[in-house]
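Working notes for the structure below.
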Amino acid sequence: MLVADGGGGGSAPSGDGKPPADDTYDNWFWGQLKEVASEIASQNRMGIVARIFGNVLGWNSTPRGSGESAYDQSNPDYTKGLLTKPGYQAEVGVRETWPVNMDDCKAGNSAAYYSPLDANGRGQGARACLTDGDFGWVDGKTGEIKGNADSWLRGTPVPRKGPGAWTNPLWNPPGMGRGKDRSHLLANRLGGTGLDRRNLTPLLSDVNHPIMWNTVEKEVVGRLDSGHTMYYEVSAGYSGNSSDPYRLSYFWKDITTGETEYGRIVNSAP
852 MLVADGGGGG SAPSGDGKPP ADDTYDNWFW GQLKEVASEI ASQNRMGIVA RIFGNVLGWN
912 STPRGSGESA YDQSNPDYTK GLLTKPGYQA EVGVRETWPV NMDDCKAGNS AAYYSPLDAN
972 GRGQGARACL TDGDFGWVDG KTGEIKGNAD SWLRGTPVPR KGPGAWTNPL WNPPGMGRGK
1032 DRSHLLANRL GGTGLDRRNL TPLLSDVNHP IMWNTVEKEV VGRLDSGHTM YYEVSAGYSG
1092 NSSDPYRLSY FWKDITTGET EYGRIVNSAP
């Protein structure tokens, strides 16, 4: 489950769904309740959901494959990639093959993978295999969850209101400033998280929307809405130590029809 703020419950790791070995269950449990009270006081609704369902009830204790580790959204390991499937999410170390790739993309194999941050803390890219009904997304205007509301593969907007919305480093990539958007690499509407920097990069506002949407994402969404299975990948290209990408490269393949498209979006003023 993608959440805005997992909170900080002492030494209890928010992704493990169990108390630490050096604590008693009672102490840990009451500590979690204190965190819930704190999040209620700050009106952090997503933090409340994360704390109760993720930690106390153990929903974050999910099955994971070989080489995968629990994902603690409040303390991510940016040296690893983030893998999200309809049934779970996990951080993944470097592998010889991509956790999500075109050859394995088919109906029933929906997943998204966000590459580790580079040495300068910048988002590098994302890959996804998607079939309508396997993923959901949050409407940025209404907050309504659309698509599959039970899927862990769920798109979220970048927070714009509340404590830390514009300062929290979890979703504020380096280099932000006037005239720029915290742009999803994998779009919210395609199940992409707006709550983890691995999926975010600064784009000029006019490039992020409408250019990125009209050029690439709208087409992919339309095919998904028609029942097609889609493979999609996007990568950011940087020059030197610049925090802003000079271009985004994208590729998609319609697994249902075999059609493909490749292109680049230049991150510069028209």
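The opening residue of the sequence shown carries number 852 in the numbering used here; numbering runs sequentially from there. Backbone N, C-alpha and C define an ideal beta-carbon position, used for all residues, glycine too.
- Query: Rounded to the nearest angstrom, how far is the Cβ of T1107 from that of H1079, given a contact under 8 angstroms?
  - Reply: Counting from one through the sequence shown, the residue named residue 1107 turns up at place 256. Counting from one through the sequence shown, the residue named residue 1079 turns up at place 228. About 4 angstroms separates the two Cβ atoms, so the contact holds.
- Item | Simplified DSSP state of S920, which is helix, strand or coil | If you number the sequence shown from 1, residue 920 lands on position 69. Residue state, collapsed to three classes: strand.
- Item | CB contact flag (T1052, S1034, <7 angstroms) | For the purposes of this step, residue 1052 is taken as the residue at position 201 of the sequence shown. For the purposes of this step, residue 1034 is taken as the residue at position 183 of the sequence shown. Their beta carbons are under 7 angstroms apart, which means T1052 touches S1034 by this criterion.
- Query: Is the beta carbon of T982 sitting closer than 7 angstroms to the one on S1002?
  - Reply: Indexing the sequence shown from 1 puts residue 982 at position 131. Indexing the sequence shown from 1 puts residue 1002 at position 151. Not closer than 7 angstroms, so no.
- Query: I think V943 touches G918, with their Cβ atoms under 8 angstroms apart; what is that distance to the nearest whole Å?
  - Reply: Here residue 943 is taken as the residue at index 92 of the sequence shown, counted from 1. Here residue 918 is taken as the residue at index 67 of the sequence shown, counted from 1. Yes, V943 and G918 are in contact; Cβ-Cβ is about 6 angstroms, under 8 angstroms.
- Item | Beta-carbon gap between R1049 and L934 smaller than 7 angstroms | Along the sequence shown, one-based indexing puts residue 1049 at 198. Along the sequence shown, one-based indexing puts residue 934 at 83. Contact: no.
- Query: When burial is assigned at 16 or more other CB atoms within 10 Å of the CB, is W1017 buried or exposed?
  - Reply: On the sequence shown, position 166 is the one that residue 1017 refers to. Exposed, by the Cβ-count rule.
- Item | For A970, the nearest candidate out of L1036, S920, Y1101 and K931 (CA to CA) | For the purposes of this step, residue 970 is identified with residue 119 of the sequence shown, where counting begins at 1. The alpha carbon of A970 has as its nearest neighbour, out of L1036, S920, Y1101 and K931, the alpha carbon of K931.
- Query: What residue ranges within the region 1024-1091 form continuous alpha helix (DSSP H) runs of no fewer than 4 residues, ordered along the chain?
  - Reply: Those alpha helix (DSSP H) runs which fall completely within the region 1024-1091 and span 4+ residues are 1069-1076.
- Message: Distance check for L1021 and D923, CA to CA, integer angstroms please.
- Response: As a first step, residue 923 is located in the sequence shown; it is residue number 72 there, counting from the start. As a first step, residue 1021 is located in the sequence shown; it is residue number 170 there, counting from the start. If you take the alpha carbons of D923 and L1021, they lie about 11 angstroms apart.
- Buried or exposed (CB count within 10 angstroms, at least 16 for buried), E947: In the sequence shown, counting from the first residue as 1, residue 947 sits at position 96. Exposed is the label assigned to E947, since fewer than 16 other Cβ atoms lie within 10 Å of its Cβ.
- With DSSP collapsed to three states, give me the class of D990. The count along the sequence shown starts at 1 and reaches residue 990 at position 139. Correct three-state label for D990: coil.
- So what's D1105 in DSSP terms, helix, strand or just coil? Mapped onto the sequence shown, residue 1105 falls at position 254. Correct three-state label for D1105: strand.
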